[in-house]
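Those protein sequences? They're chains A, B and C, same order as listed.
Numbering-wise (our numbering), the first sequence opens with residue 1 and increments by one.
Numbering-wise (our numbering), the second sequence opens with residue 1 and increments by one.
Numbering-wise (our numbering), the third sequence opens with residue 1 and increments by one.
Note that CB positions come from ideal geometry on N, CA and C, so glycine has one too.
First up is the structure itself, then whatever we jot down about it.
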Amino acid sequence: MAEEPGVNETILTVENTHTFIGHHHILQGLSFEAKADAVTVLIGRNGAGKSTALKTIIGLLPCSKGRILFANREIQKKRPYEIARLGIGFVPEDMGIFANLTVEENMRVAMLSENEETAKRLKRTLDMFPDLRNFWRAQAGILSGGQKQMLAIARAIVNDTALLLIDEPSKGLAPIIVEALIEAINQIKEHSVVVLVEQNFYMASAVGDHFYILDDGAVVHSGNMAELVDDDELKSRYLGI
Amino acid sequence: MSQTVFKRWTKELTIVGGIIIFMVPLLGMSGKTYLTLTIAGLAMGMLLFLVASGVSIIFGLMDVLNFAHGALFAWGAYVGFSVFKLLRNWVEAPSVLENFGVFFVAILAAMVAVALLGVILERVLVRRVYGNHLFQILITFGATIVLVELIRVVWGPNDEVMAVPLTFQGHWDIFDVIIQRYRLICIIIGIILYAVIQLILKKTKLGTIVRAGVENREMVQAMGHNIFLLFTGVFAAGAGLAALGGLAMSIFSLQVYPDMGSTYLLFAFIVVIIGGLGSVTGSLVGALIVGLSYNYVAYLIPWAAAGVNILIMILILLIRPTGLFPAGK
Amino acid sequence: MTEKTPVQIFRSDEKRKQYSSGSFFLRIAILLLFLLVPFLFPSFKTIDLAIKIAIFATLVASFDIMLGYTGILSFGHGMFFGIGAYCVAFLLGKYGSPSYANLILGLLMATVVATVLALLISFISLRVKAIYFAMVTLALAELTLVLANKLSGFTGGEDGISISLPGVFSVAFNLGEFMGLDVTGRILTYYFILFICLVLFLMMIRFTHSPLGRVLQAIRDNEQRAVALGYKTFIFQTISITFGCVLATLIGGLYAMWVGYVNPESSLEVMAIMLNVLLMVIIGGMGTLYGGIVGAAFLLTTQTFLPDLQKLAKDILPQAALLHNVFERWLLLFGILFILVVIFFPKGVIGSVKEYIAKRERTDLASP
């Protein structure tokens, strides 16, 4: 469904987006872009609006003002399932694993079609996360934190995903698992555009190409990850490190 | 030591304990009476299961408390009543084939008609009140009034006698144990339906999506599934189940009357509270408990029959408020 | 001299405005209307309608305390109403004799029974979600109805119990003429019931304006925040429920006094009473005690004069058989009306009026 993007083509554009949760004005004019063949990272302190940004893109939260364009189509008014079917995968902060279903059933819910293409992608995904094969018929609820995260990501990429939104994958995971995650995302970015929300700077810098620093629901700084890593002043000012 | 033994075998011990409790009535009656009552109780339980399962799944998936379920139940009975009147000769024929034939036609007609009603109800009314329990109760309560009054308009306000297919009537006498034929049919219907529902839920993709949706509605949407279509479908299915329950129950009690829904709605609520909202197995177990206890107590202490179920419900609310089989919400 | 705090200033301003605003005069006017009905419209039908409006308005207000102010839906109001009616019936009819002492005793007994029952129900079902409360009350109400029918030795079964009122209230009593009105026991009963209703109504208003009442509204609006603020929501909800249910019971006792008999169909018919109460509270407006007056007036007047409306329709359009059919099924119309009101006017008459006034005030304040 999604065509192969050209190099440096902008896949996702978020334009001056405002989102309210109840009376709280969370996103206050957020604007950023995600380009093809790059991992875009949204970083910032707690409450800056990073998770809200992803939820707004996938349509789980309505935006009151602004535009969101995916492959040059406006999606801000679409329902979440329509947006997902356009080729956007979503891995929420709490992973959204169906604990009472088996790993196999989790994947089945995720797979939107049952053709050869999807079967190939499934095999590729399971090669990436061999643990899921081992626990194929086990209840998803008994998986460890790291394995659940793998499952959540696997579900999001088993379809023809052009854009993958991941919310804080490294949260609460042991360093060795984080390494495995980094490895996985580096593989994924060859096929999909990744927008990653992270508070863990090590993870962000390991996979990120471009970054946007969020504060109070808007972008306060952006650029290439390589520059940010060296810029101690910027890091301490906005990220406290 | 005994503490840990208890913990490890809690599930098994509870099942054994439950079976023992249900053997207690044996002390107050002959074995044969006990068997007859047990079958009556199981039959009644199966019928309640049909109604309750719809309520349970609808609440589990959609977080909607459907007070209109009783009215849908009544509509199912009345549609079946009309079918029986139309095809009277099939009903009165002494042929098993024709009797089952008209029975299936009635079931089909009732389930389809009421499922359609369910679709209308969901799209026009229920959709407006997602997330607000109070207004759900109010709106479905209003819908109940309208639906029941429509019954009165279409079929008249009087109680009507429900025909029973000839071969369904009567009983078998096995070693002095009286087994009503129709009760056995109800039990079989219940078992088949439970199996079918479980099959659909566990083995089909649709059923898997429904089970996933019960756990996390938002995530299912974000994974590309039209949850609103799912809601309408599940609501319609629940309505169909209620219709089947109504039809079966009307043959059981030999009558249809416009208010028949409210009594059984109450039973359905008691069943889902005992069994756990959102769990089909819970509805089955809860329904069997209600059916059996009602019949045993009706024989032993007649005036307490209606109260014993409420007592059990209160007990469950005190000890295990989420029900026997909480559906991981 | 200590300065007044902003809250105190606000409250005393509110109090002052209360007694001079337009709505205050409206309320006085309504009260006067009730007082003068026997003089202005001496037909029994009208007096009966008026007192029923008063009774149901108070009943609906007591329901609104639970629903509109605390956010709890209970299907048991009909049951409490019936219990009150039966308690009075027991003491004035079946198990006692008509005397003032028994009347008071009956009402007292009703209060005690209601309190115990309300506390029990609260304890059992409030621990779970609010919807369980609705289901449990429904179950108990149905059970009470069944028991009332079955335990006929105790309750008089389907036939019910008839009541004779004591002393000045009895039908035979006659005080003579007063300003053109024949002051019978009936009339005195009318004023007595009206008086009690007024007292109960004022109590409810006081309750909602009290600090306790405000906490309840806080709980209704955002339970989690109320808990976070340290309020034991369970206790407050229980108080509110008990208050509302006890009032319902007392009103049931008054109803029994006026109607003169109780039986399961009229006094305990849960669905019918609940439906009426729900309709009245929705049409009148949730969370506004006065909504009960509007709702009760509208519904009861319509029900009383519906047969006349039907005749009118028959006279004007004798051919429209379907129309007549529909009129026969007035409950159907009310059901549809109920749904429409729930969807489009969830705030009811009084609620919408209040909203309109509030909006007007806001724009008045905003403009220079």
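Pair within 9 Å by beta-carbon distance, residue i and residue j
i                : j                : result
Ser192 (chain A) : His210 (chain A) : no
Val51 (chain B)  : Leu265 (chain B) : yes
Phe84 (chain B)  : Ala106 (chain B) : yes
Thr137 (chain C) : Met79 (chain C)  : yes
Gly246 (chain B) : Met260 (chain B) : yes
Leu165 (chain A) : Ile57 (chain A)  : yes
Thr111 (chain C) : Gln237 (chain C) : no
Ile28 (chain C)  : Val37 (chain C)  : no
Ile110 (chain B) : Leu244 (chain B) : Contrary to the premise, residue 110 (chain B) reads as Ala rather than Ile in this sequence. Yes, Cβ-Cβ distance for Ala110 (chain B) and Leu244 (chain B) is below 9 Å.
Arg155 (chain A) : Asn115 (chain A) : no
Thr208 (chain B) : Arg79 (chain A)  : no
Arg183 (chain B) : Ile39 (chain B)  : yes
Val195 (chain A) : Thr40 (chain A)  : yes
Ala85 (chain C)  : Val281 (chain C) : no
Leu86 (chain A)  : Ala53 (chain A)  : no
Leu121 (chain B) : Leu166 (chain B) : no
Asn159 (chain A) : Gly224 (chain B) : yes
Ile57 (chain B)  : Val210 (chain B) : yes
Leu151 (chain A) : Val103 (chain A) : yes
Leu140 (chain C) : Ile310 (chain B) : yes
Gly238 (chain B) : Val126 (chain B) : no
Nearest-angstrom Cβ-Cβ length linking residue i and residue j, presumed shorter than 8 Å
i                : j                : result
Gly253 (chain C) : Val113 (chain C) : About 11 Å; that fails the 8 Å criterion.
Leu42 (chain B)  : Gly291 (chain B) : 6 Å
Leu101 (chain A) : Ala71 (chain A)  : The pair is not a contact, with the Cβ atoms about 31 Å apart (cut-off 8 Å).
Gly244 (chain C) : Ile350 (chain C) : Going by Cβ atoms, the distance from Gly244 (chain C) to Ile350 (chain C) rounds to 18 Å, so no, they are not a contact pair.
Leu284 (chain B) : Phe49 (chain B)  : 5 Å
Gly217 (chain A) : Gly49 (chain A)  : 4 Å
Met162 (chain B) : Ser30 (chain B)  : Not a contact, Cβ separation roughly 31 Å.
Gln147 (chain A) : Pro169 (chain A) : With 8 Å as the limit, Gln147 (chain A) and Pro169 (chain A) do not qualify as a contact, their Cβ atoms being about 13 Å apart.
Phe135 (chain B) : Val342 (chain C) : 7 Å
Val153 (chain B) : Arg329 (chain C) : 6 Å
Phe81 (chain C)  : Ile196 (chain C) : Not quite, the Cβ-Cβ distance comes to about 15 Å (not below 8 Å), so this is no contact.
Three-state secondary structure (DSSP) of residue i
i                : result
Lys78 (chain A)  : coil
Gly328 (chain B) : Summary for Gly328 (chain B): the model assigns pLDDT 45, below 50, so the residue's position carries little reliability, and this model does not support an answer.
Gly66 (chain A)  : strand
Ala38 (chain A)  : coil
Tyr202 (chain A) : helix
Ile251 (chain B) : helix
Met1 (chain A)   : Any reading at Met1 (chain A) is ruled out, since the residue's pLDDT is 44, under 50, leaving its predicted position unreliable.
Ser99 (chain C)  : coil
Val14 (chain A)  : strand
His25 (chain A)  : strand
Ile301 (chain B) : coil
Tyr257 (chain B) : coil
Val207 (chain A) : helix
Thr19 (chain A)  : strand
Val262 (chain C) : strand
Ile57 (chain A)  : helix
Phe44 (chain C)  : helix
Arg320 (chain B) : coil
Chain F residues whose Cβ lies nearer than 9 Å to that of residue i
i                : result
Val294 (chain C) : Given the protein chain composition of this structure (A, B and C), no chain F is represented.
- Message: Restricting to runs no shorter than 4 residues, where is the alpha helix (DSSP H) found entirely within the region 170-250 of chain C?
- Response: 185-209, 211-221 and 223-228
- Message: For a minimum of 4 consecutive residues, which ranges assigned as the alpha helix (DSSP H) are wholly contained in the region 86-132 of chain B?
- Response: 88-92 and 96-124
- Given 8 Å as the limit, is there contact between the region 93-111 of chain B and the region 215-222 of chain B, that is, 3 or more CB pairs closer than that? No: fewer than three Cβ pairs fall under 8 Å.
- Task: Determine contact between the region 53-67 of chain B and the region 221-239 of chain B, defined as no fewer than three beta-carbon pairs at a distance below 8 Å.
- Result: yes
- Message: Quick check for students: name the residue ranges of the beta strand (DSSP E) that lie wholly in the region 103-189 of chain A, counting only runs of 3 or more.
- Response: 163-167
- Item | Any beta strand (DSSP E) of 3 or more consecutive residues that is wholly inside the region 163-194 of chain B | Residue ranges of uninterrupted beta strand (DSSP E) with 3 or more members, entirely inside the region 163-194 of chain B and ordered along the chain, are 171-174 and 177-180.
- In chain order, each alpha helix (DSSP H) run of at least 4 residues that lies wholly inside the region 212-237 of chain B: Runs found: 217-222.
- Query: Does the pairing of the region 169-178 of chain A with the region 127-134 of chain A give three or more beta-carbon distances under 8 Å?
  - Reply: no
- Message: If we require 4 or more residues per run, which alpha helix (DSSP H) segments fall completely within the region 210-234 of chain A?
- Response: 225-230
- Message: I'd like to know if the region 111-118 of chain B and the region 171-180 of chain B are in contact, where contact means that at least 3 CB-CB pairs between them fall below 8 Å.
- Response: no
- Task: Tell me, please, whether the region 276-291 of chain C touches the region 60-74 of chain C by the rule of three or more beta-carbon pairs shorter than 8 Å.
- Result: yes
- Message: Check whether the region 293-310 of chain C and the region 48-60 of chain C touch, using three or more Cβ-Cβ pairs below 8 Å as the test.
- Response: yes
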